[in-house]
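Residue numbers (numbering that gives the first Met the number 0), protein chains in the order written: chain A, 0 to 286; chain B, 0 to 600. One structure below.
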Amino acid sequence: MADHLQELENQSVYIFREAYKHFKNLCMLWSIGKDSTVMLWLARKAFFGHVPFPLVHIDTNYKIDSMIAYRDKLAHEWNLKMVVGQNKKALAEGMNHTIGRLTCCGALKTEALKRTLEGSWERVVMQPDGSYAPEENSEPYTGVIVGARADEEGSRSKERYFSPRDKHNDWDVADQPPEFWNQFKTDFAPGTHVRIHPLLDWTEINIWEYIERENIPVIPLYYDQGQGTRYRSLGCAPCTGNIQSTATTPREIIEELRTTTIAERSGRAQDQEDPHAMEKLRRDGYM
Amino acid sequence: MSAQLAADLAREQMNIVIVGHVDHGKSTLVGRLLADSNSLPDGKLEHVQAICKRQGKVFEYAFLLDALEAEQDQGITIDSARCFFKTDQRDIIIIDAPGHIEFLKNMISGAARAEAAFLLIDAHEGVQENSRRHGYMLGMLGIKQINVVVNKMDLVDGDQATFARIEAEYRAFLKEIGMTPERFIPISARDGDNVAIRSKTMEWYDGPTVLEAVDLFTKAPPQEDLPFRLPVQDVYKFNARGDDRRIVAGRIESGSLKVGDEVLFSPSNKTSTVKSIEGFNIAPTDSAAAPNATGVTLTEQIYVGRGEVMTKVDVPPKVSTRFRANIVWLARQPMTMNTWYKLKLGTQELPCRIHELTKVLDASELSSDSETTEVGRHDVAEMVLETKSPVAFDLVADFEATSRFVLVDAYEIAGGGIILDSVEDNLGGLRADMRDREFAWVTGDVSNQDRSARFGHSPALVLLTGGTGVGKAAVARVLEKKLFDAGLNTYLLDGKNMALGVDHDIAEQAAAQADEILRRFAEVAHLFMDAGTVVVSTSNTFALADHGRIRTLVSPFPVVHVHVGDDPVDADLTLTGVDGDVDTAVEAIRSELESRGFVSG
Numbered sequence: 000m001a002d003h004l005q006e007l008e009n010q011s012v013y014i015f016r017e018a019y020k021h022f023k024n025l026c027m028l029w030s031i032g033k034d035s036t037v038m039l040w041l042a043r044k045a046f047f048g049h050v051p052f053p054l055v056h057i058d059t060n061y062k063i064d065s066m067i068a069y070r071d072k073l074a075h076e077w078n079l080k081m082v083v084g085q086n087k088k089a090l091a092e093g094m095n096h097t098i099g100r101l102t103c104c105g106a107l108k109t110e111a112l113k114r115t116l117e118g119s120w121e122r123v124v125m126q127p128d129g130s131y132a133p134e135e136n137s138e139p140y141t142g143v144i145v146g147a148r149a150d151e152e153g154s155r156s157k158e159r160y161f162s163p164r165d166k167h168n169d170w171d172v173a174d175q176p177p178e179f180w181n182q183f184k185t186d187f188a189p190g191t192h193v194r195i196h197p198l199l200d201w202t203e204i205n206i207w208e209y210i211e212r213e214n215i216p217v218i219p220l221y222y223d224q225g226q227g228t229r230y231r232s233l234g235c236a237p238c239t240g241n242i243q244s245t246a247t248t249p250r251e252i253i254e255e256l257r258t259t260t261i262a263e264r265s266g267r268a269q270d271q272e273d274p275h276a277m278e279k280l281r282r283d284g285y286m
Numbered sequence: 000m001s002a003q004l005a006a007d008l009a010r011e012q013m014n015i016v017i018v019g020h021v022d023h024g025k026s027t028l029v030g031r032l033l034a035d036s037n038s039l040p041d042g043k044l045e046h047v048q049a050i051c052k053r054q055g056k057v058f059e060y061a062f063l064l065d066a067l068e069a070e071q072d073q074g075i076t077i078d079s080a081r082c083f084f085k086t087d088q089r090d091i092i093i094i095d096a097p098g099h100i101e102f103l104k105n106m107i108s109g110a111a112r113a114e115a116a117f118l119l120i121d122a123h124e125g126v127q128e129n130s131r132r133h134g135y136m137l138g139m140l141g142i143k144q145i146n147v148v149v150n151k152m153d154l155v156d157g158d159q160a161t162f163a164r165i166e167a168e169y170r171a172f173l174k175e176i177g178m179t180p181e182r183f184i185p186i187s188a189r190d191g192d193n194v195a196i197r198s199k200t201m202e203w204y205d206g207p208t209v210l211e212a213v214d215l216f217t218k219a220p221p222q223e224d225l226p227f228r229l230p231v232q233d234v235y236k237f238n239a240r241g242d243d244r245r246i247v248a249g250r251i252e253s254g255s256l257k258v259g260d261e262v263l264f265s266p267s268n269k270t271s272t273v274k275s276i277e278g279f280n281i282a283p284t285d286s287a288a289a290p291n292a293t294g295v296t297l298t299e300q301i302y303v304g305r306g307e308v309m310t311k312v313d314v315p316p317k318v319s320t321r322f323r324a325n326i327v328w329l330a331r332q333p334m335t336m337n338t339w340y341k342l343k344l345g346t347q348e349l350p351c352r353i354h355e356l357t358k359v360l361d362a363s364e365l366s367s368d369s370e371t372t373e374v375g376r377h378d379v380a381e382m383v384l385e386t387k388s389p390v391a392f393d394l395v396a397d398f399e400a401t402s403r404f405v406l407v408d409a410y411e412i413a414g415g416g417i418i419l420d421s422v423e424d425n426l427g428g429l430r431a432d433m434r435d436r437e438f439a440w441v442t443g444d445v446s447n448q449d450r451s452a453r454f455g456h457s458p459a460l461v462l463l464t465g466g467t468g469v470g471k472a473a474v475a476r477v478l479e480k481k482l483f484d485a486g487l488n489t490y491l492l493d494g495k496n497m498a499l500g501v502d503h504d505i506a507e508q509a510a511a512q513a514d515e516i517l518r519r520f521a522e523v524a525h526l527f528m529d530a531g532t533v534v535v536s537t538s539n540t541f542a543l544a545d546h547g548r549i550r551t552l553v554s555p556f557p558v559v560h561v562h563v564g565d566d567p568v569d570a571d572l573t574l575t576g577v578d579g580d581v582d583t584a585v586e587a588i589r590s591e592l593e594s595r596g597f598v599s600g
């Protein structure tokens with residue numbers, strides 16, 4: 000009899016294999032955070048240690064420093080095809096959060112992501128020596144694996160495992176495909192793409208339970224390094240606050256989450272700008 | 000694994016869906032359940048109350064769920080929202096499904112994930128259209144534990160007689176579709192009566208509250224004790240970092256498997272033996288069981304791929320091109336006769352169409368219309384479906400995963416269904432013979448994979464049809480030459496050569512020996528394909544009706560039927576107006592082969 004964590008793993012693995020079979024141009028977004036790192040581990044579960052598609056990271060240039068080093072280290076150790084995109088133009092023009100958090104997210108995340116996925120902006124890919132060089136393939140990705148969880152906030156609770164986006168990247172919340180049992184939307188019209196959500200049924204606690212069970216090396220920013228603080232959710236340095244916590248292991252984090260009544264993304268400043276901030280960002284393509 | 004983690008994981012988790020007619024109070028009930036069981040994070044209630052205040056409207060518990068703007072504006076749930084709470088006994092995922100008919104497909108998406116259901120009926124309005132339709136859908140989706148919640152009892156002053164009348168009416172309806180609800184619960188979600196707290200105004204009710212009922216649901220028994228089923232998702236050989244394992248991957252839907260077991264793949268009838276159980280970051284093991292996703296390597300390298308159902312040899316699935324099914328149709332465009340839809344059953348994907356439409360009914364009324372020749376949006380129907388080639392399946396009474404399917408029309412999932420029965424298609428006997436042939440087939444040390452790897456393509460039979468004088472013979476000749484020049488192993492199997500050689504003894508009694516001529520043709524093609532060749536042939540001798548037999552005889556190798564001419568024929572590829580332009584026709588066939596993955600560009 001499988002426990003709930005094993006059932007979650009089984010479902011995620013099943014979704015990964017369906018995605019890999021149906022999408023020729025498939026990629027996975029890796030934000031370096033705990034969720035997408037768990038998802039990366041699940042990909043290795045699904046494909047017996049391999050990750051047979053590229054990982055895409057959108058570098059806003061404001062990420063907490065150690066995130067980039069950690070990304071490249073794991074990419075090397077796990078033999079990943081690491082692809083990076085960035086809004087170089089907006090950065091050159093001085094874009095930052097003081098201009099407006101939602102404006103900044105829109106430019107450095109949403110716009111950069113959209114352009115990177117459709118291949119209209121340069122993608123750089125990690126070389127064997129660890130440096131990055133322009134990627135020759137500029138074909139749009141038609142399947143994009145994303146680590147959204149239904150329990151994160153309201154709009155994500157309405158997602159499908161396989162969720163179509165139209166030519167303008169729009170998510171039509173009111174007209175989503177039906178998902179019967181384990182049959183997903185794997186047919187799509189030219190010009191559209193599908194987002195795939197293997198972690199949809201996972202909760203924040205499930206993520207930590209799995210990190211504990213599998214001993215997954217998530218970035219140490221999630222643990223207290225001796226200052227009595229840690230990050231609960233990772234993003235750009237200027238807009239991500241840490242929390243008071245002395246947790247240094249997944250187990251201690253789980254115990255802490257059991258008693259907290261503070262929302263996971265409370266440290267993410269952009270969410271507080273507008274009551275429907277997240278849904279608006281997501282409609283525009285934010286993940 | 001730490002002791003604490005083991006203890007945490009021992010806790011049960013359950014998905015429960017809340018369904019019912021629009022405005023009968025589903026979201027309010029879920030909001031109440033969350034609030035009264037202290038499951039909301041700090042600030043969530045205040046956050047939603049602040050939004051209400053800003054927008055100048057009175058707070059309702061439903062807003063906790065309907066977190067999207069569009070829903071608050073209309074005051075109805077559009078999509079299935081999920082939320083999480085826990086009882087002393089287990090962790091619960093509550094799925095709030097929309098009640099508006101327009102969003103039936105969203106209700107289905109939510110309910111298809113559930114193990115148990117609360118079905119709400121408004122005490123004041125009574126049983127409505129979607130009360131019945133949703134009840135029907137729950138049955139079809141396979142949800143057996145149903146509690147009916149009669150809400151808004153405050154509007155009828157907690158009247159026991161009203162409650163009893165609704166219970167009698169709805170019980171009778173469910174009985175008609177073969178379902179038995181576990182209980183009926185009178186509540187007022189708005190006031191919280193009998194949700195988490197026992198009602199003081201309805202003391203006549205002595206059953207459980209909704210929260211208590213949540214803990215009375217039971218988990219389905221493990222599928223591990225049923226016969227073994229694994230729909231193959233894919234066969235992997237990554238070759239990276241020195242990994243040369245060839246792994247058949249899929250999820251074990253029922254039963255268990257161990258190293259040394261003899262396994263059967265259907266519908267291709269290939270057999271092999273399990274050599275190892277594979278996994279990443281797991282302890283070495285020589286067995287695997289439902290419901291785990293797994294991978295196996297085999298001792299004999301056989302030609303199998305996605306879509307096959309792996310079973311033990313002694314309990315095979317059914318294989319036919321026809322089956323009887325119940326379906327629900329969701330697309331705006333009706334489902335019509337003579338239209339091909341994509342069937343997705345387990346991991347198989349292939350064209351199917353209605354062979355016989357038995358009855359169409361309005362699920363809200365159970366009224367049936369036997370005259371109709373199409374299935375409209377939100378209708379349910381019983382029909383015999385016919386697939387282009389044999390499909391492996393089980394009956395819904397025996398297995399769930401291999402008896403459930405969806406139908407795809409123009410990129411969209413347009414309907415879903417369950418298989419009630421296998422239907423004889425006149426090829427059953429032949430398929431049984433072919434199964435025997437495959438079981439006994441002798442292979443040398445060179446496998447089909449070895450041949451494909453060397454030749455750079457997999458085998459196939461390209462069968463050209465068309466009236467006389469359309470130029471199909473010329474197309475066949477040029478096709479063979481083009482494929483050959485492109486480096487493929489290919490052979491033009493000409494009917495005349497069959498008559499001169501293999502059929503020499505019976506060639507003069509062609510009419511009387513038609514079946515034997517067809518059998519010999521297909522067996523020769525089968526040998527060529529077993530040797531890795533792309534066989535090109537024209538088939539004037541065979542009627543289109545014989546193609547089903549040819550496909551069965553050459554299985555597991557694929558047939559690509561190319562029709563030349565303007566007459567409407569159900570081919571894999573139809574080439575019209577070929578005239579003298581043989582090169583264009585050949586190119587079209589080549590790209591068809593390429594798109595099917597038989598040859599690479």
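A virtual CB, placed ideally from N, CA and C, is assigned to each residue, including glycine. Computed from a predicted structure; not experimentally measured.
Assignment of leucine 119 of chain B by DSSP, reduced to helix, strand and coil, places it in the strand class. The Cβ of isoleucine 15 of chain B sits no closer than 9 Å to any Cβ of chain A. Listed along chain A, the residues sitting closer than 8 Å to asparagine 291 of chain B by beta-carbon distance are Ala1, Gln5, Asn9. Looking from the CA of leucine 592 of chain B, the closest CA among B:Glu479, B:Asp432, B:Glu223 belongs to B:Glu479. Interface annotation, tryptophan 180 of chain A: in contact with chain B, CB-CB separation under 9 Å. Buried is the label assigned to tryptophan 40 of chain A, since at least 16 other Cβ atoms lie within 10 Å of its Cβ. For methionine 106 of chain B, the uninterrupted alpha helix (DSSP H) run begins and ends at 103-110, by DSSP.
Out of B:Thr442, B:Asp580, B:Asn280, the CA that lies nearest to the CA of valine 469 of chain B is found in B:Asp580.
The Cβ-Cβ distance between leucine 28 of chain A and tyrosine 19 of chain A does not fall below 9 Å. Residue contact check for phenylalanine 22 of chain A against chain B: no CB pair falls below 9 Å. Under the DSSP assignment, proline 249 of chain A falls in the alpha helix (DSSP H) whose first and last residues are 249-258. For valine 12 of chain A, a Cβ of chain B is located within less than 9 Å of the residue's own Cβ.
Listed along the chain, the chain A residues whose CB falls inside 9 Å of the CB of serine 108 of chain B are Arg159, Gln175, Pro176, Pro177, Glu178, Phe179. Contact check for methionine 136 of chain B and methionine 178 of chain B: beta-carbon distance about 11 Å, past the 8 Å limit, so the pair fails to qualify. Collapsing the DSSP output to three states places lysine 23 of chain A in coil.
Using a Cβ-Cβ cut-off of 9 Å, phenylalanine 52 of chain A does not count as an interface residue toward chain B, since no Cβ of chain B sits closer than that to its own. Taking 3 residues as the shortest admissible run, the stretch 494-552 of chain B contains the following complete beta strand (DSSP E) segments, listed from N- to C-terminal end: 533-537. Arginine 89 of chain B is bridged by DSSP to B:Glu11. Put simply, the backbone Cα of alanine 110 of chain B is about 26 Å away from that of proline 226 of chain B. When secondary structure is reduced to three states using DSSP, isoleucine 417 of chain B falls in the strand class. The beta-carbon separation of histidine 196 of chain A and alanine 147 of chain A, rounded to 5 Å, stays under the 8 Å limit for a contact. With 16 or more neighbouring CB atoms inside 10 Å of its own CB, serine 130 of chain B falls in the buried class.
Of the residues A:Asn214, A:Lys184, A:Leu256, the one whose Cα lies closest to the Cα of lysine 343 of chain B is A:Lys184. Residue pairing for arginine 352 of chain B: DSSP places it in a beta bridge opposite B:Glu385.
Taking 9 Å as the cut-off, the beta carbon of leucine 426 of chain B is found closer than this to the beta carbon of arginine 548 of chain B. Bounds of the alpha helix (DSSP H) holding glutamine 448 of chain B are 447-454.
Within chain B, not a single residue places a beta-carbon under 7 Å from that of threonine 36 of chain A; the smallest gap is close to 14 Å.
Within the stretch 317-333 of chain B, those residues whose Cβ lies closer than 7 Å to any Cβ of chain A are, in chain order, Leu329.
Between leucine 28 of chain B and leucine 119 of chain B the beta-carbon gap is near 7 Å, inside 8 Å, which marks them as a contact.
Residues of the same chain with a CB within less than 6 Å of the CB of alanine 380 of chain B, apart from the 5 flanking positions on each side, are Ile326, Val359, Val374 in chain order. Listed in chain order, the beta strand (DSSP E) elements of length 3 or more contained wholly in the stretch 212-263 of chain B are 229-235, 246-250, 255-257. Here aspartate 200 of chain A has Leu7, Gln10, Ala149 as same chain residues with Cβ atoms under 7 Å from its own Cβ, once five neighbours each way along the sequence are excluded.
Per DSSP, the continuous alpha helix (DSSP H) segment holding tyrosine 209 of chain A begins and ends at 203-213. The beta carbon of proline 315 of chain B is closer than 7 Å to those of Leu263, Ser265 in its chain, skipping five residues each way along the sequence. Beyond the five residues adjoining it in sequence on each side, glutamine 243 of chain A comes within less than 7 Å, by CB distance, of Gly227, Thr228 in the same chain, given in chain order. Methionine 152 of chain B: not part of any alpha helix (DSSP H); DSSP gives it neither H nor E.
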